[in-house]
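Heads up: the sequence shown begins at 7 in the numbering used here, then just goes up one per residue.
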Amino acid sequence: MSRMDTIRARHSVREYDGRAPEGEALVALQEVIGECVRESGLNIQLVTDNPETFEVVARFGLVHGAIANIAFVTANGAADDEAIGFWGQKIVLAAQEAGLNTCWVALCSRRKNKAVLSTGEKVRLVIAVGYGKTQGVERKTKTVEELATVECADAPAWFALAMEAAQLAPTAMNNQNFHVVLHADAKTVSITAPKGRWNIVDLGIVKRNFKEAADELGANWCWEVD
Ligand SMILES: Cc1cc2nc3c(=O)[nH]c(=O)nc-3n(C[C@H](O)[C@H](O)[C@H](O)COP(=O)(O)O)c2cc1C
Numbered sequence: 007m008s009r010m011d012t013i014r015a016r017h018s019v020r021e022y023d024g025r026a027p028e029g030e031a032l033v034a035l036q037e038v039i040g041e042c043v044r045e046s047g048l049n050i051q052l053v054t055d056n057p058e059t060f061e062v063v064a065r066f067g068l069v070h071g072a073i074a075n076i077a078f079v080t081a082n083g084a085a086d087d088e089a090i091g092f093w094g095q096k097i098v099l100a101a102q103e104a105g106l107n108t109c110w111v112a113l114c115s116r117r118k119n120k121a122v123l124s125t126g127e128k129v130r131l132v133i134a135v136g137y138g139k140t141q142g143v144e145r146k147t148k149t150v151e152e153l154a155t156v157e158c159a160d161a162p163a164w165f166a167l168a169m170e171a172a173q174l175a176p177t178a179m180n181n182q183n184f185h186v187v188l189h190a191d192a193k194t195v196s197i198t199a200p201k202g203r204w205n206i207v208d209l210g211i212v213k214r215n216f217k218e219a220a221d222e223l224g225a226n227w228c229w230e231v232d
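Take a look at the structure:
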């Protein structure tokens, strides 16, 4: 299965069968979390017996039957948001490849989360992880024309696929509040998002999906450095 196939197959899943990740899937999940912790320096914890964190009173965004979550713990408030999105989405894609399902969840009980916290640290948000009762559903997306500006004469073929990956990236409330620019050299890419509740986490997630697709194609591209 290619990374692009994984990106296409992933949908948010909100109904789980009550099992925590087990066997080879658990090992794969622990491995990718360890790798992301080492490379990013973030505090990311797999919490395996914690259905309470999804017990919230709300009309929207309820997750049922999930007992495990990946908790992003930080003492820096929103300052780590882009990194959380970028590294968290790497975990989401690896989980999908291991036969698990996921859902990014901002609307959770932080008080009832069982992640281990040091003084000053809080759970910023979590990803529900487990075995979905379904594989989720396709949802609407903004068009590439709405989401991107192409400043060169002809966009290279890899850009179309990387944009598809960006379109398929999960964003809070499916807001898709990001904008991609392919610069005049047909190689340099910038992606930006306006400040807003979860927009910067979304930005990191979109950057991860874009990068995975472009790199898989061996594209000659780079991020704009500011
Ligand atoms: C930062 C972030 C927070 C989210 N919070 C919630 C949430 O609290 N409850 C929920 O049901 N879905 C939540 N989602 C999932 C989005 O609703 C979902 O990704 C979006 O509707 C797109 O659907 P898809 O993931 O199936 O592509 C969140 C997604 C992101 C990226």
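Where a beta carbon is used, it is the ideal one built from N, C-alpha and C, also for glycine.
Those residues which DSSP pairs with residue i across a bridge
i: W229; result: V195
i: L131; result: F78
i: Q51; result: A77
i: C109; result: A134
i: E21; result: H70
Three-state secondary structure (DSSP) of residue i
i: I206; result: helix
i: T155; result: strand
i: G187; result: The identity of residue 187 in the sequence shown is Val, whereas the question assumes Gly. Residue state, collapsed to three classes: strand.
i: E144; result: coil
i: T59; result: helix
i: V122; result: coil
i: E28; result: coil
i: L83; result: It should be pointed out that residue 83 corresponds to Gly in this sequence rather than to Leu. Here G83 sits in helix by DSSP.
i: N180; result: helix
i: T149; result: coil
i: C114; result: coil
i: A163; result: helix
i: M7; result: coil
i: L35; result: helix
Rounded Cβ spacing between residue i and residue j (contact assumed at less than 8 Å)
i: A190; j: E157; result: 5 Å
i: T108; j: I73; result: Contact doesn't hold; Cβ gap of about 14 Å is too wide.
i: E222; j: R9; result: 5 Å
i: D208; j: N181; result: 7 Å
i: N114; j: V62; result: According to the sequence displayed, residue 114 carries Cys and not Asn. Correct: roughly 6 Å between the Cβ atoms.
i: V135; j: R116; result: The Cβ separation is near 17 Å, so there is no contact.
i: T140; j: V19; result: 7 Å
CB contact check: residue i to chain B, cutoff 8 Å
i: M7; result: The displayed structure is made up of one protein chain only, and chain B is not part of it.
Quiz item: When the Cβ atoms of the stretch 142-160 are set against those of the stretch 85-98, are three or more pairs found closer than 8 Å?
Solution: no
Quiz item: Between the stretch 108-117 and the stretch 35-44, do three or more beta carbon pairs fall short of 8 Å?
Solution: no
Quiz item: With a cut-off of 8 Å, do at least 3 Cβ pairs link the stretch 98-106 to the stretch 27-34?
Solution: yes
Practice problem: Would you check if the stretch 166-180 and the stretch 211-218 touch, i.e. whether three or more CB-CB distances between them fall below 8 Å? | Solution: yes
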